[in-house]
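Just so you know, the first sequence maps onto residues 5 to 597 in the numbering used here. Right, one structure below, let's go through it.
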Amino acid sequence: MNKYRTHNCSELSKTNKDQSVVLSGWINKKRDHGNLLFIDLRDNYGLTQCVVDKSNKYFKELEKIQLESVVKITGKVVERSKDTINSELKTGEVEVNINEFEILGHCRELPMPVFSDQEYAEEIRLKYRFLDLRRKKIHQNIILRSQVISFIRNEMTKLGFLEFQTPILTSSSPEGARDFLVPSRLNPGKFYALPQAPQQFKQLIMVSGFDKYFQIAPCFRDEDARADRSPGEFYQLDLEMSFVEQEDVFKVVEKLLVNLFKKFSSKKLLQEKFPRIPYDEAMMKYGTDKPDLRNPLLIYDLTNIFTREDVKFEIFKKLVKSGSKVRCILTKKTKDKPRSFFDNIDKWAKEQGASGLAYFTIEKDKNISAKGPVGKFFSEEALKEIMKITSAEVGDSMFFACGKINEVVKICALAREKIGQDLDIIDKDKFSFCWIVDYPMFEKNSETNKIQFSHNPFSMPQGDLNKLDFKNPLSIKAYQYDIVCNGVELSSGAIRNHIPELMYKLFSLVGYDKNQVEEKFSGMINALSYGAPPHGGIAPGIDRIVMLLANEKNIREVTMFPMNQNAQDLMMDAPSEVSADQLKELNLSLKKK
RNA sequence: GGGGGUGUAGCUCAGUUGGUUAGAGCGAUCGCCUGUCACGCGAUAGGUCGCGGGUUCGAGUCCCGUCACUCCCGCCA
5 MNKYRTHNCS
15 ELSKTNKDQS
25 VVLSGWINKK
35 RDHGNLLFID
45 LRDNYGLTQC
55 VVDKSNKYFK
65 ELEKIQLESV
75 VKITGKVVER
85 SKDTINSELK
95 TGEVEVNINE
105 FEILGHCREL
115 PMPVFSDQEY
125 AEEIRLKYRF
135 LDLRRKKIHQ
145 NIILRSQVIS
155 FIRNEMTKLG
165 FLEFQTPILT
175 SSSPEGARDF
185 LVPSRLNPGK
195 FYALPQAPQQ
205 FKQLIMVSGF
215 DKYFQIAPCF
225 RDEDARADRS
235 PGEFYQLDLE
245 MSFVEQEDVF
255 KVVEKLLVNL
265 FKKFSSKKLL
275 QEKFPRIPYD
285 EAMMKYGTDK
295 PDLRNPLLIY
305 DLTNIFTRED
315 VKFEIFKKLV
325 KSGSKVRCIL
335 TKKTKDKPRS
345 FFDNIDKWAK
355 EQGASGLAYF
365 TIEKDKNISA
375 KGPVGKFFSE
385 EALKEIMKIT
395 SAEVGDSMFF
405 ACGKINEVVK
415 ICALAREKIG
425 QDLDIIDKDK
435 FSFCWIVDYP
445 MFEKNSETNK
455 IQFSHNPFSM
465 PQGDLNKLDF
475 KNPLSIKAYQ
485 YDIVCNGVEL
495 SSGAIRNHIP
505 ELMYKLFSLV
515 GYDKNQVEEK
525 FSGMINALSY
535 GAPPHGGIAP
545 GIDRIVMLLA
555 NEKNIREVTM
565 FPMNQNAQDL
575 MMDAPSEVSA
585 DQLKELNLSL
595 KKK
């Protein structure tokens, strides 16, 4: 028999009546009636009420015991009287009459209550993460995470994928995020980098002939944190397949995600075959390549309207003449919204750094007219044209932004989200997935004006490879795709470029000559020239999937031991200083401040 | 690197126009209480109002600086 328990804290029921049992767990809560004491004993599995009265020799000691102490209790299971049954508790029909008890782990005065729904400052939660993790909600989140990962492993294995580990200490690569560097003792002056993703390794696995690979892969990027982005490290379901086209990857991932989300959430999926939205279309209609499709609002381009003679909105017209764009967001049936609704959005836009959002509502008396501060600037003919372009109807309103294309697109995307929230038209009980496809291979850096890879430099360009228009690199699309769910970017992937000559050519467009490519990507470029299969893959973010399933807005709520925003682990005190000897061994010296 | 928010008891927070000795709930300690499940009741302890400077007869409150946490922008192939 186990020394510590015969049952866990969620197991006992009426069927155990009169049995002598041993339970171990944490003191979740005490209710002291002076001569009668109730103790809720908690473990990973649940809660059991234990009772003791003053006739027991341990009574005084139990009365004094700190919450969150770990104890072993020996006692008898008794059925509760009808009026004392707790239906909220799985074990609520019984309780354990304590005969003996033993303290297994003392607890000091707590820096934060464990049994409470109260929110606490993150600083204290992170410092005492082991206490925080005892709390119900986050405890459940972490269990969910484990179940999600185990489900994924199982499904991937069933689909014939093999799980491999790839190196954690690898080489730094240009392109992409900032690397975490690790100094090499045996190679003074040289550094390993932690992988930003196992990108090159998974392609090498394909070249090695393994056909289908996956891994729950840790990825390290030294970039600043966000609510949905841990500083430092995160996990991806990294996968790669040989002899596939884009649709083959989509099929696998769609099936996996649909099964996963159905199993672990009660929310409905808006569509089980994810819509495919070309990047250009997404940027036009939603202003972003991670649209929340639960939000029905759409963005329209109305730049041409502001070249008309019968439109007198001079500020916009002047800007349009100098190359600015006008975009609008249409809201349906909003004519009765109070003035404050519109003004608040205009005010909000100004707070976002935009010059504001002009608006009007389309009305009809005898004629079509526009009501609102700028309504008078539009002729009936112009309004009819606007209604044609946007499919707007009488009673609808529109918000206008004007400016340089990048700025307009950005504020419209934000405004779409903001207005959607204000109108409360986003169904929070749904998941809406989509694929964003046809990403451009290259983009122009707005500061340096230089051409750079817009996503992954290893992606395969679309179209006839013999007829690619290298003179117009910005026109080249790639077999590059993202999965988006409810406005959250879950993953990106691509069909890879497995042709070395094409790789050299593409890199040359962003300013790398052949030697540089061979130097920077030696492992891979070399491998591709010894018989590489066409291959492609994707890497959905595990943390963000669990966030969606757990309905959490912050990634730390689904991460067991997260760092804070400044990339510090307050519990383990990392990063920390190291000894002079350690530095010496690594051939490093620190600059004095 | 930049912008916003927050910082008062172990925890969560209140603190009015600058004005007496800075309060509450939870927790802790002590006492009472035999059917609670957020048990109840009474008492006690607990404060560098993040830190530094300034204005003022007087600062938790106003001003300047600074630090910490957090959210956002930049960044994140």
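We put the CB at the ideal spot given by N, CA and C, even for glycine.
Just verifying my parser: in three-state terms, what is the DSSP assignment at LEU137?
coil
Contacts around ILE393, its chain only, beta-carbon distance under 7 angstroms, and the 5 residues preceding and following it disregarded:
TYR304, LEU306
State the CB to CB distance for the pair ASP228 and ASP183, rounded to an integer number of angstroms; the pair is presumed to be in contact (CB under 8 angstroms).
Contact flag wrong, Cβ pair sits at about 15 angstroms.
Just to confirm the assignment, what range does the beta strand (DSSP E) spanning MET402 have?
401-407
4 or more residues per run - each alpha helix (DSSP H) lying fully within the segment 56-109:
63-68
Specify the secondary structure class of SER28 as computed by DSSP and reduced to three states.
strand
Would you list the one or two residues that DSSP bridges to MET245?
LYS216, GLY540
Roughly how many angstroms separate the alpha carbons of GLY29 and ASN6, rounded to a whole number?
14 angstroms
Which stretch, first to last residue, makes up the beta strand (DSSP E) that contains ALA197?
195-197
Which runs of the alpha helix (DSSP H) spanning at least 4 residues fall entirely within the segment 498-534, listed in chain order?
504-513, 518-524, 526-532
Selected residue, minimal CA-CA separation from LEU590, among PRO192, ILE89, GLU411:
PRO192
Note the first and the last residue of the continuous beta strand (DSSP E) segment covering SER359.
Segment: none, SER359 is in no beta strand (DSSP E) and carries neither H nor E.
For VAL354 and ALA417, what's the separation of their Cα atoms in angstroms?
Checking the sequence shown, residue 354 turns out to be Lys, not Val. Between LYS354 and ALA417, the C-alpha separation is close to 14 angstroms.
Spatial distance of SER246 from ASN449 (CA atoms):
33 angstroms
State the CB to CB distance for the pair SER401 and THR335, rounded to an integer number of angstroms; the pair is presumed to be in contact (CB under 8 angstroms).
5 angstroms
Secondary structure at ALA554, three-state DSSP: helix, strand or coil?
helix
Among LYS337, TYR485, ALA571, which residue has its Cα nearest to the Cα of GLU127?
ALA571
Who are the Cβ neighbours of LYS329 in its own chain at under 6 angstroms, not counting the five residues just before and after it?
THR307, ILE409, VAL412
Residue span of the alpha helix (DSSP H) that contains THR394, given as start and end
384-394
Just to confirm before moving on: does the CB-CB distance between MET160 and PHE218 stay below 7 angstroms?
yes
Rounded to whole angstroms, what is the Cα-Cα separation between ASP347 and ILE455?
40 angstroms
Run through DSSP, which three-state label would ALA181 get?
coil
Please classify VAL324: does DSSP put it in a helix, a strand, or coil?
helix
With DSSP run on the structure shown, which of helix, strand or coil describes GLU447?
strand
May I ask you to verify whether the segment 456-468 touches the segment 480-495, counting CB pairs closer than 8 angstroms and requiring at least 3?
yes
Which residues does DSSP pair with TRP352 in a beta bridge?
In the DSSP output, where bridge partners are listed per residue, TRP352 has none listed.
In the DSSP assignment, find the unbroken beta strand (DSSP E) run with VAL488 in it and report its ends.
484-489
In this structure, how does DSSP classify ARG157 when only helix, strand and coil are distinguished?
helix
Taking only the alpha-carbon atoms, compute the straight-line gap between GLU285 and VAL441 and give it to the nearest angstrom.
10 angstroms
Have a look at PHE63 and ILE147 and give me their C-alpha separation to the nearest angstrom.
35 angstroms
Just how far apart, CA to CA, sit HIS110 and ASP433?
44 angstroms
Looking at the structure shown, is LYS380 part of a helix, part of a strand, or coil, going by DSSP?
helix
Compute the distance between the beta-carbons of ALA181 and GLN200, then report whether it is under 7 angstroms.
yes
Mind reading off the beta-carbon distance from LEU3 to PHE474? Whole number of angstroms is fine, and I expect it under 8 angstroms.
Any property of residue 3 remains undetermined from this structure, which presents the chain solely from 5 to 597.
Run through DSSP, which three-state label would PRO192 get?
coil
How far does the beta strand (DSSP E) with ASP44 in it extend, from its first residue to its last?
40-46
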